[in-house]
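Residue numbers (our numbering), protein chains in the order written: chain G, 272 to 578; chain H, 643 to 972.
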Amino acid sequence: MQLDRTAITISQRTGTELVDLSLIVLRRNWGLISLHSMLGILPFALINFVLLWPLTQYDTLLMASRDFASSDLFQVRYLCIMTGVILIEAPFALSGLTYFIGQSVFIERPSARSVWMSVWQRMGAMILIVGLLRLSMFVLVPMIFLFADPVFRPEFEVPIYLFLMCGYVFLIRGFRPFATEILLLERCPLVKPKSRPDQLAYSLRSSSIHRSLSGELFGMHIGVSIVEFLTAVSLIMSSMFLIGVLTGTWRWGMWMDLFLFPLIVWCTAIWGTIIRFLLYMNSRIRTEGWEIELRLKAEAQRMEAKS
Amino acid sequence: MNAQSAIDLTAVITTPENIQFEYRIAGPFRRLPALLLDFAIRVICFLVAFVLLLIVGLSIPFSGSIATMLFLIFWFAIDWFYGLVFESSWNGQTPGKYLTKIRVISIDGRPINGYQATVRNFLRLADFAPMVSLEMFFEDAPAVYMVPTFLVSLICMSITSRFQRLGDIAAGTMVVVNERAWVPNNVKLEDPRIASLSEHIPANFRMSSTLAKVIALYAERRTRIPTARRAELASHLARPLLKQFQFRDDTSPDLLLCALYYREFVTKDAFVDTRVQSLPSPLKREAPVPSSDDSPVQAPISNSLPPILNPSTTESTATANPIPLDRQVL
């Protein structure tokens, strides 16, 4: 492996350049990106479909409600919950994709088996940090409650979903976005092992990579979130236009709620994962001189091979 | 991923004379601020024209319809010819592109001509497609398809290697970044030990082009990297170099790479320091033998140096170690 011959040119870039670069990464590897994304997303998408199905029975919910007179409110409620749930689940569901892109920088096309075996080896740490502390799996708990009793109670739901869960995840992901990369690509343990004193534990490594750039990372997070939101809106409107032209139906139907809308949000999340990985590379280049390290190592390898 | 060339935002153009130019391509999100700025400028122009013509229409009798007509003509002209006029007469730039440092060029690297500017600007509307109706948002709204989704341009740019939208493909143009690429220049090396160390590098040592690039990159970036990390980085390459030059193992990796940079890129006249003469050699065979009460070895260019020195106290040591490594500022 030649360390300075990488699949993505390692150099310092601006935020907009990273977003542009993510489009090239998507274009070049769309097949494998789709495969690894689908393998990770499928279980979560099925669970979401089953647990949030009762929330789409707008007319039934409207009849049971005394306070609300429009079914539109129930639809907005479903779409908000679905969006929030997917965005919270995304880092965990797309961990295979993160690992694949990370490996693809140096190794030619790792097999699906090797990708998922490596992710499986780090599953404990992933469940604890990303699944529970960052709520990717914990978000299933309130969904189960909603499944059991889908009646709309805004006094509980709005604070729980909007402010607590989504707000918490948005903030933590804004200031410390690289948890998945540290756990899966750098393979940092949760606790410093006694056998390897030079190995950094997850918390220390996370502090070292995020501390100096936290403000900038948060700004980038907000910028990327806005771009992702606008792109998702553009995709939704375009889908409706195309379906309207092809079928003559211009109204937002149930199939849109159940299939197309989650699909578009998941696609946005996949794109967000690629942008996050590129941002991770850029942060390491800026704070640690990563590209210099790779080139110095490669040059040292060449010199040692000559001698 | 490695099957093709490395993923990057550059386009290489080869002229008929077989000369290659490398351009940084501006993708859709690099171009977005320019689009928004140009849109804002056009809106301001509309508003100014509207207010002026309103004043004229109200103050002069029977001129209302003429003012409306003039406003519509102005609207049409600004909307359709703003980009065309600026790009064809201002080296492929509009005010928005100028402010965001991007410009339009032909795919063969030449400046765009009037025809190309016309085609790419007249196809702008196609890049906004599909346009959706206001009815989609408000049931009572008229069926006017005026909300752009930009999906066509986003898909086009994503699938073309030069981030070309429909208009660019038709006109044979692309948008590039108008900034100068990074050039490893003006690296200031103020530590006198660097020049001294460079004197001891074997005269027959020749750098490869890749090594020279890496050394230049390191010298340019090192001041922005923490000292400990700097030593860690430099040690990767310093280890085989120390062995090759037969230097002492405790020679500072950071200074060694700087010395290589100095030897390769800096002229001797650019660096004059009389203290250089007094520094002893880093070579293993000429290294001072440590006495039993000396700890650590007083090496001129080593990692294990005493803390920063007070010039008023130990004059002799200060001469030997003018600037401690862990506090050096180049």
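From the three backbone atoms N, C-alpha and C, an ideal C-beta is built for every residue, glycine too.
Q | Interfacial residues, the segment 299-310 of chain G to chain H, with Cβ spacing under 7 Å | A | Arg299, Asn300
Q.
Residues in the same chain with beta-carbon distance under 8 Å from Gln392 (chain G), minus the five sequence neighbours each way, listed in chain order, please.
A. none
Q. Cα separation between Phe671 (chain H) and Leu534 (chain G)?
A. 23 Å
Q) Is Phe663 (chain H) helix, strand or coil when you go by DSSP? A) strand
Q. So what's Thr760 (chain H) in DSSP terms, helix, strand or just coil?
A. helix
Q | Cβ neighbour criterion (16 or more within 10 Å) applied to Val290 (chain G) | A | buried
(Q) Could you check whether the Cβ of Val412 (chain G) sits closer than 7 Å to any heavy atom belonging to the ligand PLP? (A) The ligand PLP is not part of the structure shown, which contains no ligands of any sort.
Q.
Please list, in chain order, the chain H residues whose beta carbon lies closer than 8 Å to that of Val498 (chain G).
A. Phe671
Q. Counting Cβ pairs closer than 8 Å, one from the segment 360-375 of chain G and one from the segment 291-307 of chain G, do we hit at least three?
A. yes
Q. Any beta-carbon of chain H closer than 8 Å to the one on Phe512 (chain G)?
A. yes
Q) Counting only beta-carbon atoms, is Ala383 (chain G) nearer than 8 Å to chain H? A) no
Q: Please compile the residues from chain G whose C-beta is within a distance smaller than 9 Å of the C-beta of Thr852 (chain H).
A: Asp275, Arg566, Ala569, Glu570, Arg573
Q) Any idea which residues DSSP pairs Val290 (chain G) with across the strands? A) Answer is none; Val290 (chain G) lacks a bridge partner.
Q) Is the shortest distance between the beta-carbon of Ser934 (chain H) and the beta-carbons of chain G less than 8 Å? A) Low local confidence applies: a pLDDT of 44 at Ser934 (chain H) is under 50, so the model's placement there is unreliable, with the coordinate-based value given in what follows. No, because no Cβ of chain G sits closer than 8 Å to the Cβ of Ser934 (chain H).
Q.
For a test of the three-state rule: what should DSSP assign to Ala873 (chain H), helix, strand or coil?
A. helix
Q.
Across the segment 282-296 of chain G and the segment 541-554 of chain G, are there enough close Cβ pairs to call them in contact, namely three or more that are closer than 8 Å?
A. yes
Q: Quick one: give me the first and last residue of the alpha helix (DSSP H) that Ala472 (chain G) is part of.
A: From DSSP, Ala472 (chain G) is part of no alpha helix (DSSP H); its letter is neither H nor E.
Q.
Taking 8 Å as the threshold (C-beta atoms), are Arg458 (chain G) and Leu477 (chain G) in contact?
A. Correcting the residue type first, residue 477 (chain G) is Ser in the shown sequence and not Leu. No.
(Q) Quick check: is the beta carbon of Val774 (chain H) nearer than 8 Å to any beta carbon in chain G? (A) yes
Q.
I need the straight-line Cα distance from Asn733 (chain H) to Val746 (chain H), nearest angstrom please.
A. 8 Å
(Q) For Thr815 (chain H), report the span of its beta strand (DSSP E) as first-last. (A) 815-819
Q: Whole angstroms is fine: what's the gap from Val817 (chain H)'s alpha carbon to Gly286 (chain G)'s?
A: 18 Å
Q: Could you tell me if Arg835 (chain H) is buried or exposed, where buried requires 16 or more neighbouring beta carbons within 10 angstroms of its beta carbon?
A: buried
Q. For Ser933 (chain H), which residues of its own chain have a beta-carbon under 7 Å away from its beta-carbon, when the five flanking residues on both sides are left out?
A. Its pLDDT being 44, under 50, Ser933 (chain H) is placed unreliably by the model, and nothing is read from it.
Q: Could you tell me which of G:Ala364, G:Met414, G:Arg405 sits nearest to Cys351 (chain G), measuring between CA atoms?
A: G:Met414
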